[in-house]
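Visitor: Going by UniProt numbering, the sequence shown opens with residue 1, and the numbers climb by one from there. For each residue, glycine too, the CB sits at the ideal point set by N, CA and C. Remember, it's a predicted structure, so these values are computed and weren't measured experimentally.
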Amino acid sequence: MSLTFWNPNSVFAGFDDDFFAPVAPSAFHGFPPALTRFKDDTMRHSSPRYEVTENDKQFRLAVDVPGVKEDNMKIELENDGRVLHLFGGRKEKTETSFKEFKFDKRFTLGKNLDTSKLTAHLNDGVLVLTAPKLEKLPPTTQEIPIIRGDAPALMEE
């Protein structure tokens, strides 16, 4: 797969989703309750759902962002184009006030994607990002000549 959820500070790096399945509270051995609620509905609804599809030529990420206008979200590439950062939100008017829904997701992109050609399309509350995959070149062999004598000095910065 060409995409993974990115969390550089995760205490749980390396655990799969089953780690957060409902279990007895004593199984978490003192973790704060906020860390044990990742699978709770409130947390899931405050974060956009997404679907990843790909084939040999293209990668596609579809993110549900109902009610969010293109002016209220931003997409950035970070870490030399290897991290996709998607954030934004929307406001919803209630009878007496406003509710605000925000999202902020980062995904690590695979090295096999041409991120310079990444595109984003918003239609009917679904943001679709696509990027072509880099063409796989056949392995090459290059002969390196051996020169008799001293090697050049290391270049200074």
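When DSSP labels each residue in this structure, what does Asp80 get in the three-state scheme?
Guide: In the sequence shown, counting from the first residue as 1, residue 80 sits at position 80. Coil, per DSSP.
Visitor: Tell me which residues share the same chain as Thr119 and place their Cβ nearer than 6 Å to its Cβ, disregarding the 5 neighbours each side in the sequence.
Guide: Sequence index remark: in the sequence shown, residue 119 carries index 119 (1-based). Once the five neighbours on either side are set aside, the close Cβ partners of Thr119 are Thr130.
Visitor: Start and end of the beta strand (DSSP E) containing Ala62?
Guide: Along the sequence shown, read from residue 1 onward, the residue named residue 62 stands at position 62. 58-64 is the extent of the beta strand (DSSP E) around Ala62.
Visitor: List the endpoints of the continuous beta strand (DSSP E) containing Ala105.
Guide: Looking up residue 105 in the sequence shown gives position 105. Before going further, note that residue 105 is Lys rather than Ala in the sequence given. Taken as a continuous stretch (DSSP letters only), the beta strand (DSSP E) holding Lys105 covers 98-109.
Visitor: Is Thr94 helix, strand or coil by DSSP?
Guide: Walking along the sequence shown from the start, residue 94 turns up at place 94. Here Thr94 sits in coil by DSSP.
Visitor: Let me know if Pro152 comes out buried or exposed under the rule of 16 or more other beta-carbons within 10 Å of its beta-carbon.
Guide: Counting from 1 along the sequence shown, the entry for residue 152 is found at position 152. Exposed: under 16 other Cβ atoms inside 10 Å.
Visitor: So, using beta-carbon positions, are Leu127 and Val83 closer together than 7 Å?
Guide: What you label residue 127 is simply residue 127 of the sequence shown in a count that begins at 1. What you label residue 83 is simply residue 83 of the sequence shown in a count that begins at 1. The answer is no: Cβ separation not under 7 Å.
Visitor: According to the neighbour-count rule (16 or more other Cβ atoms, all chains shown, within 10 Å of its Cβ), is Gly88 buried or exposed?
Guide: Taking the sequence shown and counting its residues from 1, the one referred to as residue 88 is at position 88. By the neighbour-count rule (16 or more Cβ atoms within 10 Å), Gly88 is buried.
Visitor: Quick one: Cα of Asp114 to Cα of Lys133, how far?
Guide: Along the sequence shown, read from residue 1 onward, the residue named residue 114 stands at position 114. Along the sequence shown, read from residue 1 onward, the residue named residue 133 stands at position 133. Using only the alpha carbons, I get a separation of about 6 Å.
Visitor: Are the beta-carbon atoms of His85 and Glu92 separated by less than 7 Å?
Guide: Along the sequence shown, read from residue 1 onward, the residue named residue 85 stands at position 85. Along the sequence shown, read from residue 1 onward, the residue named residue 92 stands at position 92. No, the Cβ-Cβ distance between His85 and Glu92 is not below 7 Å.
Visitor: Among Asn79, Glu78, Arg90, which residue has its Cα nearest to the Cα of Phe98?
Guide: One-based indexing of the sequence shown puts residue 98 at position 98. Nearest option by C-alpha distance: Arg90.
Visitor: Can a CB atom of chain C be found closer than 7 Å to the CB of Leu84?
Guide: Among the chains in the structure shown there is no chain C, since it carries only a single protein chain.
Visitor: How is the beta strand (DSSP E) around Ala153 delimited, first residue to last?
Guide: As a position in the sequence shown, residue 153 is number 153, starting the count at 1. Careful: Ala153 lies outside any beta strand (DSSP E) and carries neither H nor E.
Visitor: Between the beta-carbon of Glu51 and the beta-carbon of Leu122, is there less than 7 Å?
Guide: Counting from one through the sequence shown, the residue named residue 51 turns up at place 51. Counting from one through the sequence shown, the residue named residue 122 turns up at place 122. No, the pair does not count as a contact, with Cβ atoms beyond the cut-off.
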